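Data first, discussion second: the structure below is written as structure tokens.
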Amino acid sequence: MAHALDELIVNLDADFIIVGTGIAALRAAIDLGHAGKTIILTKSVATAGSTGYAQGGIAAAVGADDSPKQHAEDTVVAGDGLVDVGAARTLTESAPQAIKELIEWGVQFDRTESGELALAREGAHCCRRVLHVRDATGREISRALWNRLQATPNIRVIEDACVTDIVVIDGECVGVRFQTAGDEFEVVGACSTLFASGGAGYIFCETTNPEVATGDGIAIGYRAGAEITDMEFVQFHPTALACGEGSRFLLSEALRGEGAKLVNQQGQPFFSDTEDELSSRDRVARAIAREIERTGDVYLTFDGADADFVRKRFPLIADRCHRIGLDLATDRIPVVTAAHYLMGGIRTDQDGRTSVPRLFAAGEVACTGVHGANRLASNSLLEGLVFGAAAARAMCRDKTKQSQELSTRVRRKSISDATGANVEDTEDQVRALLWKYCGLFRNREGLTNVLDVCKGLRQEFDESGISPRVQSIVTVGELVARAALRREESRGAHYRTDFPQRNDIDWSRHTTISKYEDRI
Ligand code: SIN
1 MAHALDELIV NLDADFIIVG TGIAALRAAI DLGHAGKTII LTKSVATAGS TGYAQGGIAA
61 AVGADDSPKQ HAEDTVVAGD GLVDVGAART LTESAPQAIK ELIEWGVQFD RTESGELALA
121 REGAHCCRRV LHVRDATGRE ISRALWNRLQ ATPNIRVIED ACVTDIVVID GECVGVRFQT
181 AGDEFEVVGA CSTLFASGGA GYIFCETTNP EVATGDGIAI GYRAGAEITD MEFVQFHPTA
241 LACGEGSRFL LSEALRGEGA KLVNQQGQPF FSDTEDELSS RDRVARAIAR EIERTGDVYL
301 TFDGADADFV RKRFPLIADR CHRIGLDLAT DRIPVVTAAH YLMGGIRTDQ DGRTSVPRLF
361 AAGEVACTGV HGANRLASNS LLEGLVFGAA AARAMCRDKT KQSQELSTRV RRKSISDATG
421 ANVEDTEDQV RALLWKYCGL FRNREGLTNV LDVCKGLRQE FDESGISPRV QSIVTVGELV
481 ARAALRREES RGAHYRTDFP QRNDIDWSRH TTISKYEDRI
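For what it's worth, the working numbering labels the leading residue of the sequence shown as 1, then goes sequentially.
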């Protein structure tokens, strides 16, 4: 079915639109609601998304032996030469205040017996720095933010609203178009729009992310002409549970922070002299993948630890293990690596401004450069809070400057929705292909193969139409492959077997792609 041209009427329905309901979206909404009419669109139910899946915690230099400067230094080192140092400073200096605010809003972080905030250790942090609510930190933060939002004026949440396009008039974002549960297309207009629609882990067949994480914001932003940056940097979590169907259940890095060890099938440790369980995430993930290839399975084990402590500290994980007949405290738990987080995304400054006027982005969908080539563990919830709030402040400032004359008509393509079995087949095939060739180990031949398949599929879509979901998976997969093919070196989470060294002379820079040009 060919695309049809139709006429959209864009009215100023709100001051602000937010796409997404994760931590960056909710944090922004709390401020935006006080400044004007705010519409929140989510393609699923309000609580879907990756924030609720975050187990380990949120990093902040609140310990007596810590400082924002040290936190920034660890962030920069983990990012392997590509971190935007200014963004890292903003993130880490804002962290203690962001935590204070969460506590005021009711987040019940775990505390020590003497009442101090309990801090966990995670990979590549120089000290204990991760605040947590047992092993369900994201869920608790999300609960508190939703609670706060109940008391925020001017908020309207629309569920089952799958955003398919940004409406751009005269080069500016004036709203979005979305598909309703009843397959109708609707348009909402606003002074400014914030994409906080999360990451893209689900474009890979092995992932810790929920089904909704298909990178829609990036695909939509790209089609609207926004600059997309650092797409080659996909973080693979070292430890997901190697059992079960669908998304992989995350086995938090905090397990290793509390003493769990990684062993191979023979029960032997397998790290080299310069690495261990708490090295940066990219290194641990590659070491595990190589060991699985070499000897078979890899396991996490708490052998010898206080079993009571383990079960109390990690009740969610213990329960999941129990359901498959394993005891987290005493059994060896089989692990695999899985796509977890995207460092790249829609390029923004620290205020969430993208290259398209009136379009903002924050959280995993955005790329401020704060994570460089490899995100430091537990910096992602923090990123959502800090840069979600910064984007809201910038949107409020702009609102006072902007004229609210928006009612206008545009002629646009409507994307028809292909149905039928081959949509699911396409989705599964592309996700498997991306895992194989854009996963932990990449090379020119595999990446070229991905590009050819994605380009072919896009041509087919142009002729026949396709669901927005598959369109996102293919578009984002293609962006990852394009950037990964260009970067002829290995750095952070991006590893090329044909270019295994880091090459600072040629590659101390970001890759930027837009529909108009590739700027590497
Ligand atoms: C984890 O708990 O290991 C995940 C936290 C994160 O992605 O930073």
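Idealized CB from N, CA, C, for every residue including glycine. Keep in mind the model is a prediction, meaning the values are calculated, not measured.
| Asked | Found |
| --- | --- |
| Go through its chain and collect everything with a Cβ distance to lysine 515's Cβ below 8 Å, but skip five positions before and after it. | Tyr222, Arg223, Gly225 |
| List the endpoints of the continuous alpha helix (DSSP H) containing threonine 475. | 468-486 |
| Cβ-heavy atom distance between leucine 250 and the ligand SIN below 8 Å? | yes |
| Roughly how many angstroms lie between the CA atoms of isoleucine 18 and alanine 87, to the nearest whole one? | 22 Å |
| Quick check for students: name the residue ranges of the beta strand (DSSP E) that lie wholly in the segment 128-206, counting only runs of 3 or more. | 155-158, 162-169, 172-179, 185-195 |
| To which residues of the same chain is glutamine 459 closer than 7 Å at the C-beta, ignoring the five residues directly before and after it? | none |
| Give the DSSP-derived three-state secondary structure of glutamine 350 in the structure shown. | coil |
| Should tyrosine 202 be listed as close to the ligand SIN, given that the test is whether its C-beta is under 8 Å from any heavy atom? | no |
| Where do the N-terminal and C-terminal ends of the alpha helix (DSSP H) with isoleucine 500 fall, by residue? | One detail in the question is off: residue 500 reads as proline in this sequence, not isoleucine. Careful: proline 500 lies outside any alpha helix (DSSP H) and carries neither H nor E. |
| How would you label glycine 304, buried or exposed, when you count the other beta carbons within 10 angstroms and need 16 or more for buried? | exposed |
| Quick one, are the C-beta atoms of valine 430 and cysteine 454 less than 9 Å apart? | yes |
| So, are the CB atoms of alanine 524 and glycine 384 less than 9 Å apart? | Residue 524 is absent from the structure shown; the chain starts at 1 and stops at 520. |
| In its own chain, which residues sit with a C-beta less than 6 Å from the C-beta of leucine 145, not counting the 5 before and 5 after it? | Leu26 |
| Can you tell me which of the three DSSP states leucine 434 falls into? | helix |
| Is serine 378 close to the ligand SIN? I mean its beta-carbon at under 8 Å from any heavy atom of the ligand. | yes |
| Of the choices Pro153, Asp273, Ala59, Leu117, whose alpha-carbon is the least far from that of aspartate 15? | Pro153 |
| Roughly how many whole angstroms lie between the Cα atoms of proline 468 and leucine 326? | 39 Å |
| What do you get for aspartate 425, buried or exposed, if any count of 16 or more other CB atoms within 10 angstroms of its CB means buried? | exposed |
| For phenylalanine 16, which residues does DSSP report across the bridge? | Thr38, Ser192 |
| Does the distance from the CB of arginine 37 to the CB of arginine 129 come in under 9 Å? | Reading the sequence as shown, one finds lysine at residue 37 and not arginine. No; because the gap between Cβ atoms is not below 9 Å, this pair is not in contact. |
| Beta-carbon within less than 7 Å of alanine 391's beta-carbon, same chain only, minus the 5 sequence neighbours each way: which residues are those? | Ala28, Leu194, Asp351, Gly352, Phe360, Ala362 |
| Given the structure, does arginine 502 come close to the ligand SIN, in the sense that its CB is under 8 Å from one of the ligand's heavy atoms? | no |
| For the ligand SIN, is there a heavy atom less than 8 Å away from the beta-carbon of histidine 237? | yes |
| What residue does the beta strand (DSSP E) around glutamine 235 start on, and which one ends it? | 234-241 |
| Within 10 Å of its beta-carbon, does threonine 21 have 16 or more other beta-carbons around it, so buried, or fewer, so exposed? | buried |
| Just the C-alpha distance for leucine 457 and serine 378, rounded to the nearest angstrom, thanks. | 36 Å |
| Taking C-beta to C-beta, are isoleucine 228 and glycine 345 nearer than 9 Å? | yes |
| Going by Cα to Cα distance, which pick from Gly296, Glu258, Arg487, Ala432 is closest to phenylalanine 270? | Gly296 |
| Between the alpha carbons of cysteine 243 and valine 370, how many angstroms are there, rounded? | 33 Å |
| Can you tell me which of the three DSSP states threonine 511 falls into? | coil |
| Quick check on glutamate 253: buried or exposed, where buried means 16 or more other Cβ atoms within 10 Å of its Cβ? | buried |
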